[in-house]
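Line by line, the protein sequences are chains A and B. For the first sequence, the numbering used here begins at 1 and goes up steadily by one. For the second sequence, the numbering used here begins at 1001 and goes up steadily by one. Positions of the beta carbon are idealized from the N, C-alpha and C atoms, including for glycine. All remarks here apply to the structure that follows.
2 protein chains.
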Amino acid sequence: MEEKIKNTNYRISSAVIKRLPRYFRYLRELLEAGTMRISSGELSKMMNVTASQIRQDLNCFGGFGQQGYGYNVKYLYTKISEILGVDKEYRAVIVGAGHLGMALVGSPMFAKRGVTLAALFDNSPDLVGKDYGALHIYDAAELENYIKNNNIDIAVLTLPRAYAKETAQRLANLGIKGIWNFTNVELQFEDLGTVVQNVHIGDSLMQLTYRIGSAEEK
Amino acid sequence: MEEKIKNTNYRISSAVIKRLPRYFRYLRELLEAGTMRISSGELSKMMNVTASQIRQDLNCFGGFGQQGYGYNVKYLYTKISEILGVDKEYRAVIVGAGHLGMALVGSPMFAKRGVTLAALFDNSPDLVGKDYGALHIYDAAELENYIKNNNIDIAVLTLPRAYAKETAQRLANLGIKGIWNFTNVELQFEDLGTVVQNVHIGDSLMQLTYRIGSAEEK
């Protein structure tokens, strides 16, 4: 019996978009474990989210669930991957080859999300010219040249915050499609004219201290 | 003229809690720039959030704004710091002294949020016994001993995912108050009996690829 597939070409709210990566991770784990079908109740228990929230989220882009039958895990995973752009192939460079840049290079995260790392950049003479695994560390002065000739979509900013704005502007001028910004400087689409995703790891630390405080009050 | 301070001892929704760290960052920048008062309209422009959302969020825990007068930046910052637990002093250890652990050690993030780093742990003979800045790298086998004797509240997990669950359980058994987990293994409060904040950096990458895709469709 085929599920009815609704058209998904409409806007999904940003709250749902923020939750989708979590579904992506859980569905991937289910797939890897060979699970083909799952009910909203089981998914709810796994993810610690109410079943009604799950049904509501997944209905946002077509549902795919059937009463008493559950969700087709593979289909849902594929669909969410498409929505998130994981099925597309993007090429990225990392600008800043310090510890954070190196930690990212070593992570399987990029490959799992359809992103290929092409090169690293830094301005330190101690690092420029070296290879890190399969990746070469280029001089940051070579950014323009390299990006023009290598079809790069994404730049990951792991450099000191003092360089953030100027480097982001250079990348935007080069027509880069997206900037993944770890510098803690808030970069804005409006200023750069290119998509920016700002990472503020410290926000997560404050959520932790908040929750420790709440737990202590109980 | 004094603002009326409402009682803030009630539950704040988790959606608001997730937004508070962002207010904290912006208010801190305003304070550092010497700004004493700001209207919801100005804050709205800065933060790229609607003024009504801002009023609604800040009213959640007492408001502090006055029509035509704006918010008292210092008071709001202090209040949000209290709610987030930034005013408390926590002591933390980092378990895993690879690139990610080192990147965190080098970040001013902890000090800015009232968290003091006390030590690093690793199981690699190449690292154990070394000092990194003011921090010593201890053998991971010393965790129990060290934590019992040094009043540690928070453990930051930056070790390989294969060690995540076992190490988190050891830390929970030691009565640690909170685990900040970078391993990409989903740790649960229900399993450990201690507060866990899971960081999934890859989720942010998927939000970026989603937004690149959306921008391309326009």
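In three-state terms, what does DSSP make of residue i?
i	result
His200/A	coil
Phe24/A	helix
Phe1110/B	helix
Ala141/A	helix
Phe1182/B	coil
Gly1070/B	strand
Asp153/A	coil
Val1195/B	strand
Thr1158/B	coil
Ile38/A	strand
Leu1187/B	coil
Ile1005/B	Residue placement at Ile1005/B is flagged as unreliable, the pLDDT there being 36, under the threshold of 50; the coordinate-derived value follows with that caveat. The answer is coil: DSSP assigns Ile1005/B none of H, G, I, E or B.
Asp1057/B	helix
Ile176/A	coil
Ala1164/B	helix
Ile94/A	strand
Val49/A	coil
Val1115/B	strand
Leu104/A	helix
In whole angstroms, give me the CA-to-CA distance for residue i and residue j.
i	j	result
Arg1022/B	Ser1204/B	16 Å
Ala103/A	Ser1040/B	39 Å
Phe182/A	Asn1173/B	33 Å
Glu1190/B	Ala1168/B	13 Å
Ser1124/B	Glu186/A	36 Å
Asn1059/B	Asn1149/B	42 Å
Ser13/A	Ile179/A	22 Å
Gly202/A	Phe110/A	22 Å
Ala164/A	Ile17/A	26 Å
Leu45/A	Thr1209/B	Correcting the residue type first, residue 45/A is Lys in the shown sequence and not Leu. Roughly 28 Å between the two C-alpha positions.
Ile1159/B	Ser1052/B	For the sequence presented, residue 1159/B should be read as Leu rather than Ile. Roughly 42 Å separates the two Cα atoms.
Val1115/B	Arg1091/B	6 Å
Asp1126/B	Ala1097/B	11 Å
Ala215/A	Gly1193/B	11 Å
Leu1171/B	Thr1078/B	31 Å
Leu43/A	His136/A	42 Å
Ser81/A	Ile1212/B	14 Å
Glu248/A	Glu1089/B	Look at the range of chain A in this structure, 1 to 218, and you will see that residue 248/A is not part of it.
Tyr146/A	Leu120/A	11 Å
Glu29/A	Asn1198/B	17 Å
Arg1055/B	Lys1130/B	50 Å
Leu100/A	Leu1143/B	25 Å
Asn151/A	Tyr1138/B	44 Å
Phe184/A	Asp1153/B	Reading off the sequence shown, one finds Asn at residue 184/A, where the question assumed Phe. Using only the alpha carbons, I get a separation of about 25 Å.
Using a C-beta to C-beta distance shorter than 8 Å, which residues of chain B count as neighbours of residue i?
i	result
Arg248/A	One cannot answer for residue 248/A here, as it falls past the ends of chain A, which runs 1 to 218.
Ile17/A	Gln1207 and Tyr1210
Gly133/A	Ordered by position in chain B, no residue passes the 8 Å Cβ test against Gly133/A, which lies about 12 Å from the chain.
Gln197/A	Ser1204, Leu1205, Gln1207, Leu1208 and Arg1211
Could one say the Cβ of residue i lies closer than 8 Å to chain B's Cβ atoms, at least one of them?
i	result
Thr209/A	yes
Ala164/A	no
Arg25/A	yes
Asp126/A	no
Val73/A	no
Gly34/A	no
With residue i and residue j assumed to form a contact (beta carbons below 8 Å), what rounded beta-carbon distance in angstroms separates them?
i	j	result
Leu1076/B	Leu1027/B	6 Å
Val105/A	Ala140/A	Going by Cβ atoms, the distance from Val105/A to Ala140/A rounds to 16 Å, so no, they are not a contact pair.
Lys177/A	Val195/A	6 Å
Tyr1071/B	Arg1037/B	7 Å
Val1073/B	Leu1031/B	6 Å
Val86/A	Met1206/B	6 Å
His200/A	Arg1161/B	That pair is no contact at about 23 Å.
Name the chain B residues that come within less than 7 Å of residue i, Cβ to Cβ?
i	result
Arg37/A	What Arg37/A touches in chain B: nothing, since even the nearest Cβ is about 21 Å away.
Tyr90/A	Thr1209
Would residue i count as contacting chain A if we go by Cβ distances under 8 Å?
i	result
Leu1171/B	no
Arg1113/B	yes
Gln1188/B	yes
His1136/B	no
Leu1100/B	yes
Asn1048/B	yes
Asp1122/B	no
Gly1175/B	no
Val1185/B	no
Ile1147/B	no
Ala1103/B	yes
Gly1070/B	no
Could you name the residues of chain A that residue i contacts, counting a contact when the two beta carbons are closer than 9 Å?
i	result
Ile1094/B	Under the 9 Å cutoff, chain A gives no residues; its nearest Cβ is about 12 Å from Ile1094/B.
Leu1084/B	Met206, Gln207, Thr209, Tyr210 and Gly213
Ile1154/B	Leu205, Leu208, Thr209 and Ile212
Gly1178/B	Leu208, Thr209, Arg211, Ile212 and Ala215
Going along chain B, which residues have a C-beta under 9 Å from residue i?
i	result
Gln56/A	Ordered by position in chain B, no residue passes the 9 Å Cβ test against Gln56/A, which lies about 15 Å from the chain.
How would you list, in chain order, the residues of chain A whose beta-carbon sits under 8 Å from the beta-carbon of residue i?
i	result
Gly1193/B	Residues of chain A passing the Cβ test: none, with the nearest at roughly 10 Å.
Going along chain A in order, which residues have a C-beta closer than 7 Å to the C-beta of residue i?
i	result
Gly1106/B	His99
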